[in-house]
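Residue numbers (the working numbering), protein chains in the order written: chain E, 230 to 405; chain G, 230 to 405. These notes are about the structure you will find just below.
Number of protein chains: 2
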Amino acid sequence: MEDMSEETHWLSTEESAAWVRLVALTELLPGALDAQLLRDAQLTHFEYAALMALAESPDRTMRMTALAARTNATLPRLSHVARRLEERGLIHRFPCPTDRRATNATITEAGMQLIADAAPGHVETVRANVLDALSPEQLGQLYEIAGAVLTRLDPEQRLTATSCQFSEGPAVARAG
Amino acid sequence: MEDMSEETHWLSTEESAAWVRLVALTELLPGALDAQLLRDAQLTHFEYAALMALAESPDRTMRMTALAARTNATLPRLSHVARRLEERGLIHRFPCPTDRRATNATITEAGMQLIADAAPGHVETVRANVLDALSPEQLGQLYEIAGAVLTRLDPEQRLTATSCQFSEGPAVARAG
DNA sequence: CGTAATCAGTTGTCGTGTCAACTAATGTGC
DNA sequence: GCACATTAGTTGACACGACAACTGATTACG
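In structure tokens, the structure reads:
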């Protein structure tokens, strides 16, 4: 019963079982992250990630386009989010001196303070919902598996090209 | 340097690396699924999953509340989606005979036809973006890892209590 | 029983993301 | 150098999901 190059290659029992769980995971995890951050810092996980990206950048500043790539956002989405964050005083936007089309965004002191305050609770949520459930071996397996999948989903590695986010002495905690 | 039960236990390098990749995965995968299904069947992945759940149910019928739990939707969300699907003739809603508060939803023949047509492309997308990147060992590891995490995120196993979705002779293909 | 509490579902409002259109600046080719 | 294409970013209109308020039916209880 080989494929005729038109017949669908349906999922095996093992494939289907793993897939169902992965879908459930991707369905539930974002909501859990958003819920905690919204409750404790009035930030979506996306806003938190954007502020983190700025906080970890040289001069705490990034071009809008670079920040959009880093956070997997479209430019219009980032523009809307940036306007709201700026209205809250968490970031500041100013024209790029070298390219007058471009806009730079900087995280403010208030923004640094907010994510510094929010980071511990966020880390705790990550541990409680994910990391604490995994053995050290599984942590490494997850790293490999997610990396393999991201080769397909994110070939240019826009999202994962990052200086470590919470490891060791966190830049945010120091800065706060 | 033990915790004082108030100090944040920051992520290790390994934890941070795995976490960043998992976040990227959960960020990118839903968009990839939605993009293919919207292009080929004008369905979001959520709508597709809801129709699939109906198709696999006895009598192709489910209570709204049960369908909401099965798809991790709030009832208002499902109500809106159901109205749109009904307007497109893909499902049919009618009052439950035994409980006059309740509403039952049935997938129509047109709905069955649509997901039968959409399923091969969807399976192909799942393979191309995820399964083909993993070894058989990794598939099993993913199953275990996602299961462990879901113990935290979905203790009642609402999302994963499912008859296998695409395995073997798929009910949808038979029915279409 | 009859009243209160709960449950099932729908509807309206609002916040957020997507898409298309637009402005403005930079690069390209002849 | 001057059109033309491309790039960076913003804005407005629309679609979808969350939350709250609401209707109507069922259950709990005294």
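Heads up, the beta-carbon is just placed ideally off N, CA and C, and yes, glycines get one too. These numbers come from a predicted model, not from an experiment.
Listed by chain order, chain E residues near residue i by CB distance under 7 angstroms
i: valine 355 of chain G; result: Trp248
i: glutamate 244 of chain G; result: Leu360 and Leu368
Within chain G, partners of residue i - CB distance below 7 angstroms
i: glutamate 285 of chain E; result: Chain G residues near glutamate 285 of chain E: none, gap ~12 angstroms exceeds 7 angstroms.
i: aspartate 383 of chain E; result: Ala253 and Leu257
i: glycine 376 of chain E; result: Arg250
Where residue i meets chain G, residues with beta-carbon distance less than 9 angstroms
i: asparagine 301 of chain E; result: Ala253, Glu256, Leu257 and Gly260
i: leucine 379 of chain E; result: Arg250, Ala253, Leu254, Leu257 and Ala362
Reference residue i; option with closest CA among the options
i: alanine 390 of chain G; options: E:Tyr372, E:Val249, E:Arg306 and E:Thr237; result: E:Val249
i: threonine 237 of chain E; options: G:Val355, G:Asp383 and G:Leu388; result: G:Val355
i: alanine 348 of chain G; options: G:Arg306, G:Leu257 and G:Ala278; result: G:Ala278
i: aspartate 346 of chain E; options: E:Asp269, E:Met291, E:Thr242 and E:Phe275; result: E:Asp269
i: alanine 282 of chain E; options: E:Ala302, E:Gln265 and E:Asp263; result: E:Ala302
i: glutamate 338 of chain E; options: E:Glu353, E:Ala264, E:Val352 and E:Gly318; result: E:Gly318
i: threonine 380 of chain G; options: E:Leu360, E:Arg387 and E:Gln386; result: E:Leu360
i: leucine 262 of chain E; options: G:Ala264, G:Glu235, G:Gln265 and G:Leu251; result: G:Leu251
i: phenylalanine 275 of chain E; options: E:His309, E:Arg292 and E:Leu254; result: E:His309
i: leucine 343 of chain G; options: G:Glu256, G:Asp288 and G:Gln271; result: G:Gln271
i: threonine 242 of chain G; options: E:Leu388, E:Pro365 and E:Gln386; result: E:Pro365
Chain E residues whose Cβ lies nearer than 8 angstroms to that of residue i
i: proline 349 of chain G; result: Thr237
i: glutamate 373 of chain G; result: Gln367
i: threonine 389 of chain G; result: Val249, Arg250 and Ala253
Presumed contact (8 angstroms Cβ cut-off) between residue i and residue j, rounded CB distance
i: threonine 273 of chain E; j: leucine 267 of chain E; result: 6 angstroms
i: alanine 362 of chain G; j: valine 378 of chain E; result: 5 angstroms
i: glycine 350 of chain G; j: glutamine 265 of chain G; result: 6 angstroms
i: leucine 382 of chain G; j: leucine 258 of chain E; result: 6 angstroms
i: alanine 297 of chain G; j: leucine 307 of chain G; result: 4 angstroms
i: arginine 299 of chain G; j: cysteine 325 of chain G; result: That belief does not hold up - the Cβ atoms of arginine 299 of chain G and cysteine 325 of chain G are roughly 17 angstroms apart, past 8 angstroms.
Proximal chain E residues relative to residue i, where beta-carbon distance stays under 9 angstroms
i: valine 352 of chain G; result: Thr237, His238, Trp239 and Leu240
Span of the alpha helix (DSSP H) around residue i
i: alanine 295 of chain E; result: 293–299
i: alanine 302 of chain G; result: Segment: none, alanine 302 of chain G is in no alpha helix (DSSP H) and carries neither H nor E.
i: threonine 237 of chain E; result: Careful: threonine 237 of chain E lies outside any alpha helix (DSSP H) and carries neither H nor E.
i: alanine 390 of chain G; result: Premise fails: alanine 390 of chain G is in no alpha helix (DSSP H) and is neither H nor E.
i: leucine 283 of chain G; result: 274–284
Extent of the continuous beta strand (DSSP E) run through residue i
i: histidine 321 of chain G; result: 320–324
i: alanine 362 of chain E; result: Premise fails: alanine 362 of chain E is in no beta strand (DSSP E) and is neither H nor E.
i: alanine 334 of chain E; result: 332–336
Contact between the segment 312–319 of chain G and the segment 334–345 of chain G: three or more CB pairs below 8 angstroms?
Below 8 angstroms, enough C-beta pairs join the segment 312–319 of chain G and the segment 334–345 of chain G to call them touching: three or more.
Closer than 8 angstroms is the cut-off here; do at least three beta carbon pairs connect the segment 368–381 of chain E with the segment 368–387 of chain G?
Using a Cβ-Cβ distance cut-off of 8 angstroms, the segment 368–381 of chain E and the segment 368–387 of chain G are in contact, since at least three pairs of beta carbons, one from each stretch, lie closer than that value.
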